[in-house]
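One structure is given here, and the rest of the page talks about it.
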Amino acid sequence: MLEMFKPTWMIERAYEISPAALKRQGIRAVFSDLDNTLIAWNNPNGTPELRAWMEELHQAGIPLIVVSNNSRARIGKAVQKLDLPYVARSLKPLSFGITRARKKLGLANSEVVMVGDQLLTDVAAANHAHIRSILVKPLIETDKWVTRPNRFMEKFVMQDLQKQYPDMDWQEELK
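In the UniProt record's numbering, the protein residues as written are 1 to 175.
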């Protein structure tokens, strides 16, 4: 059961994931959580680093799609300035949102990756969908109140994962 929460890779920030490394892994699309992964949950404007990364992905022909448990209204408002496609109410840790986005693009499981800051939702959903995942550190230390219980449980899950998989550690690039 613990392996359900094991990420394929761990990279500190989404913005550090290079399109070249994604292509070397055969990845043709990036699905990403929204809050505390792409943008701080309390600052929907995004950062210059996010915009630069989005441009790098675009230039490489790799679409970026937000897959979030948030409502359509919340995500739409948050990504309006970023002009990103999205799947709302994705029901993570279930695979519905990921599968919907993947099928819409006509890609195989091996051609997509889910990027997120939570083991219990983002990584678990990726594993349920049989796709690879990249765990990133949250952009900021605080969370919306609904996320706090997950963060608490996640500490214990991470400890158990690192005991079972001692080589599981933060990397600078996809290997």
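All residues carry an ideal CB built from backbone N, CA and C; glycine is no exception.
field: Three-state class that DSSP yields for methionine 114 in the structure shown
entry: Methionine 114 sits in a strand when the DSSP states are folded into three classes.
message: At the level of alpha carbons, what is the spacing between asparagine 150 and valine 87?
response: Straight-line spacing of the CA atoms in asparagine 150 and valine 87 works out to 21 Å.
Straight-line gap, arginine 72 to glutamine 164 (C-alpha atoms, nearest Å): Their backbone Cα atoms lie some 38 Å apart in a straight line.
message: Just to confirm the assignment: which complete beta strand (DSSP E) runs, minimum length 3, are found wholly within the stretch 66-94?
response: Taking only runs of at least 3 residues, no beta strand (DSSP E) segment lies wholly in the stretch 66-94.
query: In terms of residue numbering, what span does the alpha helix (DSSP H) encompassing arginine 28 cover?
result: For arginine 28, there is no enclosing alpha helix (DSSP H), as DSSP marks it with neither H nor E.
message: To test your reading of the DSSP string, which unbroken alpha helix (DSSP H) runs of 4 or more residues are found completely within the stretch 146-173?
response: Taking only runs of at least 4 residues, the alpha helix (DSSP H) segments lying wholly in the stretch 146-173 are 148-164.
field: First and last residue of the uninterrupted alpha helix (DSSP H) at isoleucine 131
entry: Where isoleucine 131 is concerned, there is no enclosing alpha helix (DSSP H), because DSSP gives it neither an H nor an E.
- prompt: What number of angstroms, rounded off, separates the C-alpha of valine 136 from the C-alpha of alanine 108?
  reply: Their Cα atoms are separated by approximately 23 Å.
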